[in-house]
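Residue numbers (the numbering used here), protein chains in the order written: chain A, 717 to 1038; chain B, 1456 to 1634.
The structure under discussion appears below in the form of structure tokens.
So this is what it looks like as structure tokens:
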């Protein structure tokens, strides 16, 4: 199942990107090769270039008609006004660094990114009639490039995430080991025995795995994500010791992860923090709704895990480590 | 409600120091050589972190490709008729789809959605409830199974995704109930 979804994400991603790029090429969605007719407005009115020094900070005005014609769409309904730094050349032409942050014409943002300028779009200007004629480099295969960049970038980031876990893992597994040697984890397991023997029939009631799973789930409930992961990975290691088929997930592992991913949340710390930052009048309002939603999901998750473990294609005795 | 909020902030500030103190002092009380034993345990941390690298790289890359291609917009257009029929607000769909895939992606979507539709209306409360009540299923599976070298994950993914779907429906229901 994971194999198929993993492959599907990649295939759908690349095909969508290719499809969008082909569409953009056939529609000429970025107006490649078509000069723009624009107006430049400086602090002292219309910018014409004559007698205005070497550079000026101006506003670049692009009409709706121009935007529609270049971007092959009728969805645009307002003129665009973008801040631009204009530098004049001796022959009367000019170059502009256009700031595309906050513009409603999103294509400009995409173009700036595709041309490697980040948030500034580079353009060449030439005096034409009462205004200026603007030319921008051709933009094509935007999405395929994006996909490539994202893949390389995230591959590095994944390693950083994993290495970043080392410190917190070492800390908690160290503390955990002390608790284990002191017999605390076994005590904890004995305490919740009535529940765990039903949830995990294949795991001995006082096995260290039970204690670690309890620690993981409690940390998750309190919204302590940083502490939860080390306990959870420790629990997986303990469960793996009971696994007769290395490389194949056991029923206990799947039930544990079902509990973990749907986990009952008492304090959704991150969501509350984001709400507070966004100016909510009652950031903690979602505690109740999160609790009820996650409780419902947890009950269903455990039931689904139990039911699916009996389905032929998922049965443990038929599974191979491939 | 104010007392409750104070309680919440006290618990989250206190939990980790209290736990650490309790474990270590209890260990010392039981005559465990705390430092030596802790170092033994800490060594495992390194191995586990290194072991999950290949799993995490491949999982995150496939999700990144999906995200960067803009396939989600296409996907939303496809599932729209079904979700509209069930009564699920279309504004919350990007969140529901991104949540199991990417933690940072869904955090971004939650912030954007609240900026666009407000924090305390139905949509704002719904997306933050969704973020708060479910986990990044794909990340959790990659990391947890990767740590012990599990390649055949059996019914773990369908279970996780079905649970996410149910969490979404439950969030719509309960948020509708209180607002």
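In this text, a Cβ means the ideal position worked out from N, Cα and C, and glycines have one as well.
Using a Cβ distance threshold of 8 angstroms, residue 866(A) and residue 1520(B) count as a contacting pair.
Nearest C-alpha to residue 1505(B) among 1604(B), 1609(B), 1590(B): 1604(B). If you draw a 10 Å sphere on the C-beta of residue 903(A), you find fewer than 16 other C-beta atoms in it, and that means exposed.
Residue 782(A) counts as buried, since at least 16 other C-beta atoms from the protein chains shown sit within 10 angstroms of its C-beta.
In the DSSP assignment, residue 1003(A) falls within the alpha helix (DSSP H) that extends over 1002-1024.
Take the alpha-carbon of residue 1493(B) and the one of residue 975(A): they are about 28 angstroms apart. In this structure, the alpha-carbon of residue 1570(B) lies about 11 angstroms from that of residue 1578(B). Of the candidates 1495(B), 1607(B), 1613(B), 1586(B), 1586(B) places its Cα closest to the Cα of residue 1625(B).
Rounded to the nearest whole angstrom, the CA to CA distance from residue 862(A) to residue 729(A) is 11 angstroms.
Here DSSP, grouped into helix, strand and coil, assigns residue 754(A) to strand. 859, 862, 863, 866, 867, 870, 871: these are the residues of the segment 848-872 of chain A whose beta carbon lies less than 7 angstroms from some beta carbon of chain B, given in chain order. The three-state secondary structure of residue 980(A), taken from DSSP, is coil.
Remark: fewer than three beta-carbon pairs, one from each stretch, lie closer than 8 angstroms, so the segment 1561-1575 of chain B and the segment 952-963 of chain A are not flagged as touching. Per DSSP, residue 717(A) lies in no alpha helix (DSSP H) segment and is marked neither H nor E. In this structure, DSSP gives residue 746(A) a state outside helix and strand, which the three-state scheme calls coil. Among the residues of chain A, none has a CB under 7 angstroms from the CB of residue 1541(B); the nearest is roughly 16 angstroms distant.
Within chain B, the residues whose beta carbon sits less than 7 angstroms from that of residue 1025(A) are 1610, listed in sequence order. Going by C-alpha positions, residue 1592(B) is about 29 angstroms away from residue 906(A).
Around the C-beta of residue 720(A), fewer than 16 other C-beta atoms lie within 10 Å, and the residue is accordingly described as exposed. Taking 8 angstroms as the Cβ-Cβ cut-off, the segment 1560-1573 of chain B approaches chain A at 1562, 1565, 1566, 1569, 1570, given in chain order. At a cut-off of 8 angstroms, the C-beta of residue 1592(B) has a neighbouring C-beta in chain A. Between residue 1582(B) and residue 1547(B), the gap from beta carbon to beta carbon is short of 8 angstroms.
Taken in chain order, the complete alpha helix (DSSP H) segments of 4 or more residues contained in the segment 1571-1628 of chain B are 1577-1588, 1592-1602. Between the beta-carbon of residue 726(A) and that of residue 1561(B) there is about 20 angstroms, and that puts the pair past the 8 angstroms contact cut. Here residue 828(A) is near residue 836(A), since their CB atoms are less than 8 angstroms apart. Scanning its chain for C-beta atoms nearer than 6 angstroms, with the 5 sequence neighbours on each side dropped, one finds around residue 988(A) the residues 999, 1000, in chain order. The C-alpha of residue 920(A) is placed about 49 angstroms away from the C-alpha of residue 995(A). When C-alpha distances from residue 990(A) are compared across 1607(B), 1543(B), 1568(B), the shortest belongs to 1568(B). By the beta-carbon neighbour count (other beta carbons within 10 angstroms, threshold 16), residue 911(A) is exposed. Residues of chain A whose Cβ lies closer than 9 angstroms to the Cβ of residue 1544(B) do not exist; the shortest such Cβ separation is about 15 angstroms. In this structure, the straight-line span from the alpha carbon of residue 760(A) to that of residue 745(A) is close to 35 angstroms.
Just measuring C-alpha positions, the residue of 969(A), 899(A), 971(A), 949(A) sitting nearest residue 1501(B) is 949(A).
The continuous alpha helix (DSSP H) containing residue 932(A) extends over residues 924-937. It is roughly 11 angstroms from the alpha-carbon of residue 952(A) to the alpha-carbon of residue 932(A). By the beta-carbon neighbour count (other beta carbons within 10 angstroms, threshold 16), residue 1565(B) is buried.
Here residue 765(A) carries a coil assignment [DSSP, helix/strand/coil].
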